[in-house]
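Novice: Protein chains in written order, with this note's numbering: chain A, 24 to 456; chain B, 34 to 359.
#1: Just checking: is the beta-carbon of residue 67/B within a distance shorter than 9 Å of some beta-carbon in chain A?
#2: Considering just the uninterrupted stretch of the beta strand (DSSP E) at residue 82/A, what are its terminal residues?
#3: Taking residue 338/A as the query, report the chain D residues whose CB atoms sit under 8 Å from its CB, ordered along the chain.
#4: Using the C-alpha atoms, what's the distance from residue 173/A back to residue 187/A?
#5: For residue 47/A, collect the residues of the same chain with a Cβ closer than 6 Å to its Cβ; drop the 5 residues on either side in sequence, then sort them by chain order.
#6: Can you tell me whether DSSP reads residue 44/A as helix, strand or coil?
#7: What is the rounded straight-line gap between the Cα of residue 362/B and the Cα of residue 86/B?
#8: Give the DSSP bridge partners of residue 32/A, in chain order.
#9: Going by C-alpha distance, which of 335/B, 40/B, 320/B is nearest residue 181/B?
#10: Check whether the segment 422-431 of chain A touches the segment 128-141 of chain B, counting contact only when three or more Cβ pairs, one atom from each stretch, lie closer than 8 Å.
#11: Going by CA-CA distance only, name the one from 252/B, 167/B, 288/B that's closest to residue 217/B.
#12: If we count the other Cβ atoms within 10 Å of its Cβ and call it buried at 16 or more, is residue 354/B buried or exposed?
#13: In chain order, what residues of the segment 289-316 of chain A put their CB closer than 7 Å to some CB of chain B?
#14: Can the beta-carbon of residue 303/A be found less than 9 Å from the beta-carbon of residue 201/A?
#15: Rounded to the nearest angstrom, what separates residue 36/A and residue 198/A at their Cα positions?
#16: Using a Cβ distance threshold of 8 Å, determine whether the segment 333-346 of chain B contacts the segment 62-81 of chain B, with at least three qualifying pairs required.
#17: Tell me the rounded alpha-carbon separation between residue 79/B and residue 173/B.
#18: Less than 9 Å between CB atoms is the rule here; does residue 217/A satisfy it with respect to chain B?
#19: Any idea which residues DSSP pairs residue 143/A with across the strands?
#20: My output table needs one value for residue 353/B: the three-state DSSP class, helix, strand or coil.
#21: To be precise: take each residue of the segment 156-175 of chain B, compare its Cβ to all Cβ atoms of chain A, and keep it if any distance is under 9 Å. Which residues remain?
#22: Once the 5 residues before and after residue 243/A are set aside, which same chain residues still bring their CB inside 8 Å of it?
#23: Let's see if you can read the secondary structure: which residues bound the alpha helix (DSSP H) around residue 408/A?
#24: With a cut-off of 8 Å on the beta carbons, I'd call residue 405/A and residue 356/A a contact; round off their distance for me.
#25: Taking the straight line between their C-alpha atoms, what separation do you get for residue 357/B and residue 101/B?
#26: According to DSSP, is residue 297/B part of a helix, a strand, or is it coil?
#27: Could you compute how far the alpha carbon of residue 126/A sits from the alpha carbon of residue 183/A?
#28: Can you find at least 3 beta carbon pairs, one from the segment 343-351 of chain A and one from the segment 101-116 of chain A, that sit closer than 8 Å?
#29: Name the chain B residues that come within less than 7 Å of residue 180/A, Cβ to Cβ?
#30: Give the residues of chain B in contact with residue 222/A, contact being defined as C-beta atoms less than 8 Å apart.
#31: Note down, in chain order, all residues in the segment 35-56 of chain B with a beta-carbon under 9 Å from any beta-carbon belonging to chain A.
#32: Threshold first: 4 residues or longer. Then list the alpha helix (DSSP H) segments lying entirely within the segment 177-229 of chain A, N to C.
#33: Return the residue from the list 241/B, 239/B, 134/B, 260/B that minimises the CA-CA distance to residue 228/B.
#34: Less than 9 Å between the C-beta atoms of residue 260/A and residue 229/A, yes or no?
#35: Which residues share a DSSP beta bridge with residue 244/B?
#36: Identify which residue in 333/A, 332/A, 360/A has its Cα closest to the Cα of residue 316/A.
Right, here's the structure in full:
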């Protein structure tokens, strides 16, 4: 079996950190310890004091295949993920056609098997994500699909969402909501507030997210089935989440790197690279999200990686599509902004351990993600140097698209190597597959 | 140094506004000549790019450019390649390649003139972008108020509006005219009050140099200028507003309200005016109504803006002895 020695790394534990080498054999970790010898013929990767940690898991990536292969494919999206330190991503079902039936799901999963990281799939809750008729959740669950969402849209009909929750609870799968009441957000192109008022751009009120979240929490309370909330963006949403969790409701939530770091003031440039849904909010929301992540209220950081062709982002602001890239920069963006608020171990828990559990990709659920750096564990690892810094360059992105809001920004912390199932798919920041 | 554009009133500041007013004064005399033209911009080309139909504003800009002897190129979206699916960027770059000195841009989307500056080396003038701004409208409004105050009060022309109380009535939220006017009037020192139901106010007035009220009758007697905005018919009878007759009774300049106005109170409207909605049919013809004067001044002010942007610096005006060349 091919062997790999990661030399001179730092291993994080609950109590601190220790120097250590990690010996990988095949797709698993064989040994962890100081001064391990490379067996004859083994590959050696220098960690140079960088942190060796479980590979990152993204709960929320738009890989665009099938349907929009000009913007991204499973191959390019998974390569972008690997460069960002991810060893697993959950592909969102808002493709063309949507992942709302077994044959489409099978195709995506098959393509995912050749990718640079594990590609898990979220199924649609309703046929065509139209919010009218239930998709075959049971058949899709039979393929191992655990998360279901109409992401890109929320399920508008409360009665349908109630029935979907009931139906999903029989199957043991989890529904994930994109909280947006369209009667409140209709026409909105950015956050509704002082900036939208000044710029003359129709806004999306916080209400559109909070009203649907409130509705869904009432449904969860009544039905007793679990639910995951995608990309929460407002202080009010986090307050509602805090109450729900203290009440013991079975809910989890993610926030995105961009909602943790950028505000609606960016839109003053009218550059639609800053156009995203939910929209960039205000500084007070950013602070609430950071607080929620630091104190463990927020379960996961997820990218909502949303590639778009350059031409579509050059349209007038209100005609440009929503969404920005995330996979390649997520960990560095968050570490740069949050290293004074939480430890790297805590941040990595929100990037790996907890999302792996939510997606049921963790070892305890029979998966291979979000484990420990210990002998016998799967060799899905990231080597992250928290002290290195670099500038994001559009031209160097692995994604087919270029719509990152972080181009030209200097970030702290850099992914050096990514090891997927024992294979170094990224070495010194360069994709090798 | 990057080129000067006029995208927002805030690009000009108070001194910029004053500069445009003084330049416009020099065109007043030109406008009265048998051949109302000066050769200042001969050989220069001004393109009007109207992605949203507006014959009045376009004609005003084109007339303004011709009075400076500039060549004028007209691009109207309905007769263009946009319908064939050409992107905004390609359209702008194509026109730019023809050798253009100024682009006057009107678009239904906020921010387009600002985007256009990245795709052309020409000076860009915002002729109205979505619900964002319409800076030349605000400039002509300032010019009109300045002129009317001087005539009515018999005082010198002054761009100092300190103490002047201006009420802007109506559809503030969706109005680019309101956004530019609020900035311009307050830069010149006026007290600005926005008068509208809350549903037609912007969601946030943070940072706006203006106060707001829904009580027109409560403030009407204090106003020196009543600036009425057009209410789009499709706004009424929906969720933001009941039917138009209710709007007229609460926020229209009715005959009764018009009768209450002081003799020197100015009444303004950016046009096109809907009599019977924002203004009673009779009130539109009051002596204090400046509506047609606004239109006339539009040409002067737009000439001033084009000259300012194309002469490189805020030039000192037009030499009155200049005559159009052969």
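All residues carry an ideal CB built from backbone N, CA and C; glycine is no exception.
Specialist: On the basis of the coordinates in this document:
#1: Taking 9 Å as the CB threshold, residue 67/B stays off the interface with chain A.
#2: Element bounds for residue 82/A: 79-84.
#3: Absence of chain D from the displayed structure is noted, the protein chains being A and B.
#4: Straight through space, the alpha carbons of residue 173/A and residue 187/A are spaced by roughly 12 Å.
#5: Excluding sequence positions up to five before and after residue 47/A, its CB lies within less than 6 Å of the CB of 27, 402, 445, all in the same chain and listed in chain order.
#6: Looking at residue 44/A - three-state DSSP - the assignment turns out to be strand.
#7: Chain B is shown from 34 up to 359; residue 362/B falls before or after that span and cannot be answered.
#8: Per DSSP, 43/A.
#9: Minimum Cα distance to residue 181/B is reached at 320/B.
#10: Contact between the segment 422-431 of chain A and the segment 128-141 of chain B is absent, because fewer than three Cβ pairs lie under 8 Å.
#11: Out of 252/B, 167/B, 288/B, 167/B has the C-alpha closest to the C-alpha of residue 217/B.
#12: Residue placement at residue 354/B cannot be trusted, given a pLDDT of 47 that sits under 50; what the coordinates show is reported in the next sentence. Residue 354/B counts as exposed, since fewer than 16 other C-beta atoms from the protein chains shown sit within 10 angstroms of its C-beta.
#13: Cβ contacts with chain B come from 293.
#14: Not closer than 9 Å, so no.
#15: Their Cα atoms are separated by approximately 32 Å.
#16: Output reads yes: the segment 62-81 of chain B touches the segment 333-346 of chain B.
#17: Distance between residue 79/B and residue 173/B, taken at the CA atoms: about 20 Å.
#18: Chain B, which has a Cβ nearer than 9 Å to the Cβ of residue 217/A, makes this yes.
#19: Residue pairing of residue 143/A in beta bridges, as defined by DSSP: 113/A.
#20: Residue confidence is low: residue 353/B scores 44 on pLDDT, short of 50, so the model does not pin down where it sits. No coordinate-derived value is stated.
#21: Against chain A - using a Cβ distance shorter than 9 Å - the residues of the segment 156-175 of chain B are 162, 163, 164, 165, 166.
#22: Counting only Cβ-Cβ distances below 8 Å, and skipping sequence neighbours, we find 188, 249, 250, 267, 272, 273, 274.
#23: Unbroken run through residue 408/A is the beta strand (DSSP E), 404-414; no alpha helix (DSSP H).
#24: Contact between residue 405/A and residue 356/A is absent: CB atoms are separated by about 15 Å, not below the 8 Å threshold.
#25: Confidence at residue 357/B is low in this model, with a pLDDT of 42, below 50, so the placement of that residue is unreliable and no value is reported for it.
#26: Looking at residue 297/B - three-state DSSP - the assignment turns out to be coil, as it is neither helix nor strand.
#27: Spanning the alpha carbons of residue 126/A and residue 183/A requires a straight line of approximately 24 Å.
#28: Cβ pair count under 8 Å is three or more, so yes.
#29: Neighbours of residue 180/A on chain B: none; closest Cβ ~20 Å, over 7 Å.
#30: Contact note: residue 222/A reaches chain B through 143, 144, 165, using a C-beta cutoff of 8 Å and chain order.
#31: Within the segment 35-56 of chain B, no residue qualifies.
#32: For the segment 177-229 of chain A, whole alpha helix (DSSP H) runs of length 4 or above, ordered along the chain, are 181-194, 205-208, 217-222.
#33: Considering only alpha carbons, the answer is 260/B.
#34: Yes, these two residues count as a Cβ contact at 9 Å.
#35: Within the DSSP bridge table, the entry for residue 244/B names 226/B as partners.
#36: Of 333/A, 332/A, 360/A, the residue nearest in Cα terms is 360/A.
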